[in-house]
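At position 28 of the sequence shown the residue is numbered 312 (our numbering), and the sequence of numbers has no breaks.
We put the CB at the ideal spot given by N, CA and C, even for glycine.
Here the structure is a predicted model, which is why all the values come from computation and not from measurement.
Heads up, the thing below is written out as structure tokens.
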Amino acid sequence: SNLVWAAATLGCHTNPGSSVDVTPLIRAASAAVHGGSFDRAKPQEWSNLVWAAATLGCNTTPGSSVDVTPLIRAASAAVHGGSFDRAKPQEWSNLVWAAA
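So this is what it looks like as structure tokens:
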């Protein structure tokens with residue numbers, strides 16, 4: 285999550301024509317989430333990842349270059365599974381902003 289967050293903070297893009305295309309990074313992060321690497325993720329890791337994906341221009345539009353619907357669903361499952369029981373307000377804010 286920190287690597288994706290850093291890419292977003294540096295102003296990278298998920299645009300294949302840009303000088304730094306981080307689409308493979310987002311796809312790898314999504315695969316890691318679905319592969320079980322985020323099973324014990326902390327709220328900050330979830331909020332960083334989802335915030336970064338939204339900041340990078342990823343969205344939930346089918347057919348977009350990077351569809352983050354699976355990430356949003358996984359984050360939602362983490363919330364419902366109790367992972368956000370001790371989340372700080374900023375972590376909730378990042379998560380809700382990114383999902384909007």
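Short check: CB of Ala290 to CB of Thr339, under 8 angstroms?
Stepping through the sequence shown from its first residue, residue 290 is reached at position 6. Stepping through the sequence shown from its first residue, residue 339 is reached at position 55. Contact flag unset, no.
Out of Trp376, Ala371 and Val334, point me to the one whose CA is closest to Val288's CA.
For the purposes of this step, residue 288 is taken as the residue at position 4 of the sequence shown. The option with the nearest alpha carbon to Val288 is Val334.
Just reading off the alpha helix (DSSP H) that Arg311 is part of, what are its end residues?
In the sequence shown, the residue the question calls residue 311 occupies position 27. Note, Arg311: alpha helix (DSSP H), Thr307 to His318.
Count the other C-beta atoms from every protein chain shown that fall within 10 angstroms of the C-beta of Trp330, then say buried if there are 16 or more, exposed otherwise.
Within the sequence shown, the letter at position 46 stands for residue 330. Flag for Trp330 reads buried.
Cutting at 7 angstroms between CB atoms, please list the residues of its own chain near Ala359, excluding the five before and the five after it.
Start at 1 with the first residue of the sequence shown, and residue 359 comes out as number 75. Around Ala359: Trp330, Val334 and Leu379.
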